[in-house]
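**Student:** Before we start, here is the structure in question, set down as structure tokens.
Residue numbers (this note's numbering): 1 to 150.
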């Protein structure tokens, strides 16, 4: 049976700041992220299976990405926990803001690697993560491909 790639797209709003950066992005700011998730697998051939003909039900993929990424990162502010931004993060948390602390600089490049690991860990057997595309502006994005990360 043929391998087929399917893609589902998601949108979420996230703020961040890049500590130590020499441009405007050192300041707290936000993006309207667009995330494209592509998985690969063979369509189900068992005619008695309610998912017959599908690689993975789009709603099942949506549930994974929503729980692992969208629900956690939407309307959150992401800071590197190993920088002085921790003080700002703690102040925001104390005021009821949704803050995520990560162990990396929260660039699109690093976020897409983090997202790939989160999604891969939840995919059912026989389905592999093929690629991710995380778009932070209309003209800027980072891509992750499984084939580049063997």
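No residue lacks a Cβ here, since even glycine has one placed at the ideal position from N, Cα and C.
Would you report the Cα separation of residue 11 and residue 5, rounded to the nearest angstrom?
**Tutor:** Near 20 angstroms, if we compare the C-alpha coordinates of residue 5 and residue 11.
**Student:** Pull up the distance between the alpha-carbon of residue 141 and that of residue 74, whole angstroms please.
**Tutor:** Looking at the two C-alpha atoms, the distance is approximately 18 angstroms.
**Student:** Please give me, in chain order, every unbroken run of the alpha helix (DSSP H) with length at least 4 that falls completely inside the segment 63 to 149.
**Tutor:** Those alpha helix (DSSP H) runs which fall completely within the segment 63 to 149 and span 4+ residues are 85 to 94 and 108 to 120.
**Student:** Distance, Cα to Cα, residue 114 vs residue 43?
**Tutor:** Using only the alpha carbons, I get a separation of about 27 angstroms.
**Student:** Could you spell out where the beta strand (DSSP E) holding residue 42 opens and where it closes?
**Tutor:** Here residue 42 belongs to no beta strand (DSSP E), and DSSP marks it neither H nor E.
**Student:** Kindly indicate the opening and closing residues of the beta strand (DSSP E) around residue 11.
**Tutor:** Note, residue 11: beta strand (DSSP E), 4 to 16.
**Student:** Could you check what DSSP says for residue 32 in three-state terms: helix, strand or coil?
**Tutor:** In the structure shown, residue 32 sits in a strand (DSSP, three-state: E or B).
**Student:** Cβ of residue 39 within 8 angstroms of Cβ of residue 123?
**Tutor:** Contact: yes.
**Student:** Would the segment 82 to 98 count as touching the segment 47 to 62 if we require 3 or more Cβ pairs under 8 angstroms?
**Tutor:** Flag = no, the segment 82 to 98 and the segment 47 to 62 do not touch.
**Student:** Rounded to whole angstroms, what is the Cα-Cα separation between residue 49 and residue 55?
**Tutor:** Looking at the two C-alpha atoms, the distance is approximately 12 angstroms.
**Student:** Taking 8 angstroms as the cut-off, decide whether the C-beta atoms of residue 29 and residue 137 are in contact.
**Tutor:** Taking 8 angstroms as the Cβ cut-off, residue 29 and residue 137 do not qualify as a contacting pair.
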